[in-house]
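Here the structure is laid out as structure tokens; the discussion comes afterwards.
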Amino acid sequence: MGKDVIIACDFASREATLNFLDKFTGRKPFVKIGMELYYAEGPAIVREIKARGHKIFLDLKLHDIPNTVKKAMNVLSNLDVDITNLHAAGTKNMMKAALEGLTREDGTRPLLIAVTQLTSTDQESMENDLMIKAPIDEVVMHYAQCAAESGLDGIVCSPLEAGKVHDRCGKNFLTITPGVRFADGDVGDQKRVMTPAAAKEIGSDYIVVGRPITAAADPVAAYERCVAEFCD
Ligand code: C5P
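In this note's numbering, the protein residues as written are 13 to 244.
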């Protein structure tokens, strides 16, 4: 899979999601399904969107004991998604177990991506709540390296970190980057943002774009603008 734009379908229901996807009559975008939609509609929504011809990033961020994650990943492998993810904080043993569970009998599997420290976690909360004293940038890079050593395919990170992650973990280790905004668009609650063109320049492999597309007056035009800036 090459560089692509993934639309974060942060909708609460099947109806709202399909209304949105119905606007795309030409190219079928790669979509991210998160916890909100998955917990509301269950695996049926994943099958339905897949059957419509979309690639899917199932963003459920698994984190539990290795055996439980392995079994859950085994179930998810039947959904035929293209990318799924977990928390690197579950340790290397958990990440390796997840890969085993995700791999089908014929050896194929979805790409498996790690979340490092959430962008909602800052240095202060990491030190005070998680009792991790190292600088957060080093923690993120260490988690990325643990994910690479466990055989995972990449991490979710800020586009600002994508270059460093490739330097440390190899250019084939994928960086999936949210926090993308158009130069003339609203930033909203994102703090560290980058345009699609800048994310391409710095080496992101996939950008995850939500509101700049989903809340646009013309979502298809906004999507095409992202593709033009990031992929072409
Ligand atoms: O609407 P917006 O473009 O900000 O959406 C970004 C998407 O990426 C949301 O689904 C958000 O949950 C997700 N995300 C993020 N930052 C992370 C990880 C995921 O914004 N560190």
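Glycine included, each C-beta is placed from N, C-alpha and C at the ideal position.
T29 to A233 span [Cα, whole Å]: 18 angstroms
Among I68, G166, A100 and A109, which has the Cα closest to the Cα of T80? A109
Spatial distance of C238 from A210 (CA atoms): 11 angstroms
As a quick exercise: from V152, A195 and V58, pick the residue whose alpha carbon is nearest that of P208. Comparing Cα positions, the closest option is A195.
Our contact map puts A100 next to V58 with C-beta atoms below 8 angstroms; I'd like the distance itself, whole angstroms only. With a Cβ gap of about 23 angstroms, A100 and V58 do not count as contacting.
If you measure between the beta carbons of K104 and E150, is that distance less than 8 angstroms? For K104 and E150, no; Cβs fall outside 8 angstroms.
Measure the beta-carbon distance from L123 to D165 and round it to whole angstroms, keeping in mind my assumption that it falls under 8 angstroms. 4 angstroms
Which runs of the beta strand (DSSP E) fall wholly inside the region 161–203 and span at least 3 residues, in chain order? 166–168 and 186–189
From V221 to I144, what does the alpha carbon distance come to, in whole angstroms? 30 angstroms
Same chain, Cβ closer than 7 angstroms to G200, neighbours up to 5 away in sequence not counted: R223
Judging by CA-CA distance, which residue of L98, G197 and P190 is the nearest neighbour of Y155? L98
C-alpha gap between T115 and R121, whole angstroms: 5 angstroms
Using the Cβ count rule (16 or more neighbours within 10 Å means buried), how would you classify K35? exposed
What is the rounded straight-line gap between the Cα of G46 and the Cα of C169? 16 angstroms
For the beta strand (DSSP E) that contains G46, what are its first and last residues? F42 to G46
Rounded to the nearest angstrom, how far is the Cβ of L49 from that of A24, given a contact under 8 angstroms? 7 angstroms
Between G163 and the rest of its own chain, which residues show a CB-CB distance below 7 angstroms, the 5 nearest in sequence each way excluded? K108 and L111
What residue does the alpha helix (DSSP H) around V127 start on, and which one ends it? Element bounds for V127: not the alpha helix (DSSP H) but the beta strand (DSSP E), L123 to V127.
Does DSSP put A100 in a helix, in a strand, or in coil? helix
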